[in-house]
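Following: one structure in structure tokens, then a few remarks.
Protein chains: 2
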Amino acid sequence: MHGLSIQLSVDMKVMLIIGDGMADRPIKELGGLTPLEAAGAWNMDRLASMGVSGLFNALGPGVAPGSDVACLAILGYDPYKVYAGRGGFEAAGAGINMDDEDLAFRCNFATVNEDMIIIDERAGRIGEEAVKLAESLQNLQLRGCGDVEVVFRHTLGHKGAMVLKGCGLSPNVATPPPKAYGRADSFKPLDRTTETRKTVEVLREFLTATYNILKDHPINRARIVKGLPPANIVIPWGLGLKPKLSPMLDMFGTRGACVAAVSLIKGVCKLAGMSIIDVPGATGDLNTNIFAKAEAALKALENHEIVLVHVEAPDEASHDGDIHGKIKSIQKIDSMVRIILENISLDDVCVALMADHATSTRLRMHTADPAPISIASSELIPDGVSSYSERAAYRGGFGRLTGKDVMPILLNITGKSARFGA
Amino acid sequence: MHGLSIQLSVDMKVMLIIGDGMADRPIKELGGLTPLEAAGAWNMDRLASMGVSGLFNALGPGVAPGSDVACLAILGYDPYKVYAGRGGFEAAGAGINMDDEDLAFRCNFATVNEDMIIIDERAGRIGEEAVKLAESLQNLQLRGCGDVEVVFRHTLGHKGAMVLKGCGLSPNVATPPPKAYGRADSFKPLDRTTETRKTVEVLREFLTATYNILKDHPINRARIVKGLPPANIVIPWGLGLKPKLSPMLDMFGTRGACVAAVSLIKGVCKLAGMSIIDVPGATGDLNTNIFAKAEAALKALENHEIVLVHVEAPDEASHDGDIHGKIKSIQKIDSMVRIILENISLDDVCVALMADHATSTRLRMHTADPAPISIASSELIPDGVSSYSERAAYRGGFGRLTGKDVMPILLNITGKSARFGA
């Protein structure tokens, strides 16, 4: 070797920041800007201007992914192969162990009237009161279903997870998300087997049991007095089987950590073999403690090669049609980006910022619009894109990416790319 | 919910304008511009500047598609799975019903000499005179082929479709497109079975029968007097079986309508379950009544979610090596775009403009060059591309698209994207 010689670097690490549903469509009320453009998120812009941008569709153009599916795709899994319903990831995130024959569900604390019609599918987005309500649901015995064990856990706000353990259950039951003014017991058998019939019965019995326990619970009596909707039922939905993922360490030789509030993402990451870092004050909504999450993520970098920080708030605001809430949540994530950029060097840490998918605030649903991704590292040649937005990313150096591209790109930047050939 | 909240929209509809073979290569005679660039089609440019552009290859880079295959791909089908020859689509477009064992053909009225050598494969692009000639071919009886029924229909200009109905026929016959100075009876058996031999005989007998009827037809005598090539034979080519497509309504929950002159495209759309709107004055050539087609398409939007308007003229001009004809046909499509943009709102209708493939005016054939596509809708973030052309689309926000992307992208814009995951 002669001339200018360069030292081999230590291994670079990855900080991957995911703003759930952060991408959007142009909004008339914002003069045709998207919430990302209107947020004035200049730390995000700084990140983009130091790095390379692109547009991301977890599953390719035209397919709107759920957040679980998008997270699986980002972590390098093929969702079409490994996804077996939402419930399994929720259960894993809630810390419930599953056996192969178990059925898992996401659950909502909700408000029903006496005819089991849903009045509020989130019981007024009930907060920490749900913890106490959940305590009253431990060791639930279902009438006439003695051989089925029920494990219920509250996770966050109005959310919970439930696993049915027992023989003779069937996954062939449609369990749609609860919707206001629909029926709480809208489970539909998808075949005529005894197992499927039994599973529907068990689910109905679960509804009845939670209603009987919750309807006169002191917390609900107090809520009614305050004019708040009582959380008088727990509705299971999103049936899933136990997911089977190869651990990230086996796939990429990489140890990962996850900082997330919502159990769905915690579940995906846990099943991917990542460490789950619980952060007090991470609430999944606009009040989430961004600073605590940033700090936890930075600390996790010490003994993990990749740290995923997930912020749920932009998606929640989008589903509520709340433009200003979405903009505020983006500004909070911008602060998180600032803290992270202030505390690392791009020589040592590759920082990626992305939305897992777009959520249209106008349509109040996930869309298949591409979401911007920007990755900054001293190992990357900046592409001249100077802001982090859907529009700016049209000109990004990555072009269009799908789920299967993200991990390989990150691994390559950090000097761990797969190799093929001599 | 608080702050600025947004209303759910009504379902957006789709107007999809396809200029057949409209894309091209740089042409020396145009100073290196393409016909699209030389046409000064500023309504197309306006559409592009309000929307997002990209480059489209129906089957991916490097494969030149036929218009039938490109249309199938655009409508969301995998041509490699569903395509079984051109004839079946021509027959469907001509309104001939097929059974599974039938064979279908595209037909050309052509001019042959006494040795069955083709002098003009389109009989001087004969026009409506072909209608009368076709009348003389009804209830055609083939000598020695009594068990085979022949259904022949004239479609447009020199074009027709024919279906052979009967037992013991075989699709294993090569039926190449007729070419000047080739033989009319250039059918080639692809195996040695009795069925294949019989099919070749039936086709030869069809040639002879049409020649015998047409050669002294008064219309042809008159054409000869006028110095025009007589349409003295009908040459079947493009053998196809009955195509089997899942209806668009089942695939996407979408009702479609098709406004097209040529039976090939009508056939593809009809078999896709779309309504076929017949427009008087739609001729498939430069004289086609663009205004009538635009009006019919706008009307069809009232009770269909997606309306496909197809204009054949640019492809015809390209195959004739007629640069100025191609430019004129593009200018007519530009007028159509103007009428459409004047009569819809991009809040309610997503307007897509594309070429199904490139046709090189110089090579007089379809090429695999990517064709520009621009889609405008108030739900899309404009990508800064300000003209509709092959060159401008290099910078388009969609990047490179293939057939499988188009319907998912259109459905997503209109709020009907497929969803996978929670």
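These protein sequences, in sequence, are chains Z and P. Going by my numbering, the letters in the first sequence line up with residues 46 to 467, in that order. Going by my numbering, the letters in the second sequence line up with residues 46 to 467, in that order. Virtual Cβ for every residue (Gly too), placed ideally from N, Cα, C.
- When secondary structure is reduced to three states using DSSP, residue 263 of chain Z falls in the helix class.
- Nearest C-alpha to residue 74 of chain Z among Z/442, Z/251, Z/367, Z/237: Z/367.
- With a 10 Å radius around the Cβ and a threshold of 16 neighbouring Cβ atoms, residue 235 of chain Z comes out exposed.
- At a cut-off of 8 Å between beta carbons, residue 436 of chain P makes no contact with chain Z.
- The C-alpha of residue 413 of chain P is placed about 38 Å away from the C-alpha of residue 268 of chain P.
- Under a criterion of Cβ atoms nearer than 9 Å, no residue of chain P is adjacent to residue 201 of chain Z; the nearest Cβ is some 15 Å distant.
- In the three-state reduction of the DSSP assignment, residue 314 of chain P falls in the helix class, which pools H, G and I.
- The Cβ-Cβ distance between residue 308 of chain P and residue 206 of chain P falls below 8 Å.
- Secondary structure note for residue 110 of chain Z: it is in no alpha helix (DSSP H), and the uninterrupted beta strand (DSSP E) holding it is 108–110.
- When secondary structure is reduced to three states using DSSP, residue 102 of chain P falls in the strand class.
- Beta-bridge partners of residue 201 of chain Z (DSSP): Z/204.
- Within chain Z, 436, 439, 440 have C-beta atoms less than 9 Å from the C-beta of residue 428 of chain P, given in sequence order.
- At least 8 Å separates the beta-carbon of residue 60 of chain P from that of residue 375 of chain P.
- Collapsing the DSSP output to three states places residue 444 of chain Z in a strand.
- Among the bridge pairs identified by DSSP, residue 63 of chain P is matched with P/355, P/399.
- Here residue 426 of chain Z is exposed, its C-beta having fewer than 16 other C-beta atoms within 10 Å.
- Of P/175, P/116, P/459, the smallest CA-CA separation from residue 298 of chain P is found for P/459.
- Using a Cβ-Cβ cut-off of 8 Å, residue 463 of chain Z does not count as an interface residue toward chain P, since no Cβ of chain P sits closer than that to its own.
- Taken through DSSP and simplified to helix, strand or coil, residue 465 of chain P comes out as strand.
- The bridge partners DSSP lists for residue 154 of chain P are P/279.
- When secondary structure is reduced to three states using DSSP, residue 365 of chain P falls in the coil class, being assigned neither helix nor strand.
- Taking C-alpha positions only, residue 148 of chain P is separated from residue 132 of chain P by approximately 8 Å.
- Boundaries of the beta strand (DSSP E) around residue 417 of chain Z: 416–421.
- For the pair residue 327 of chain P and residue 356 of chain P, the Cα-to-Cα distance works out to about 9 Å.
- Short of 8 Å from the beta carbon of residue 446 of chain P, and not among the five residues preceding or following it, lie these beta carbons of its own chain, in chain order: 99, 100, 101, 102, 418, 454.
- Among the residues facing chain P, residue 85 of chain Z is not included, as its CB has no counterpart in that chain under 8 Å away.
- The shortest C-alpha to C-alpha distance from residue 457 of chain P to any of Z/80, Z/69, Z/332, Z/57 is the one to Z/69.
- When DSSP reads this structure, residue 303 of chain Z sits in a beta bridge with Z/321, Z/353.
- Each residue's CA atom was taken as its position, placing residue 279 of chain P and residue 387 of chain P some 43 Å apart.
- A contact between stretches requires three or more CB pairs, one per stretch, nearer than 8 Å, and the region 207–221 of chain Z meets this requirement with the region 232–246 of chain Z.
- For the region 405–416 of chain Z, the beta-carbon criterion of a distance under 9 Å to any beta-carbon of chain P is satisfied by 405, 406, 407, 408, 409, 410, 411, 412, 413, 414, 415.
- Identification of residues in the region 443–467 of chain P having a C-beta nearer than 9 Å to some C-beta of chain Z yields 443, 444, 445, 446, 449, 450, 451, 452, 453, 454, 455, 456, 457, 458, 460, 462, 463, 464, 465, 466, 467, given in sequence order.
- Straight-line measurement puts the Cα of residue 91 of chain Z at about 16 Å from the Cα of residue 442 of chain Z.
- Counting along the chain, residue 165 of chain P sits inside the beta strand (DSSP E) bounded by residues 163–165.
- DSSP, read as helix, strand or coil, puts residue 284 of chain P in strand.
- Residue 173 of chain Z carries a coil assignment under DSSP once its states are collapsed to helix, strand and coil.
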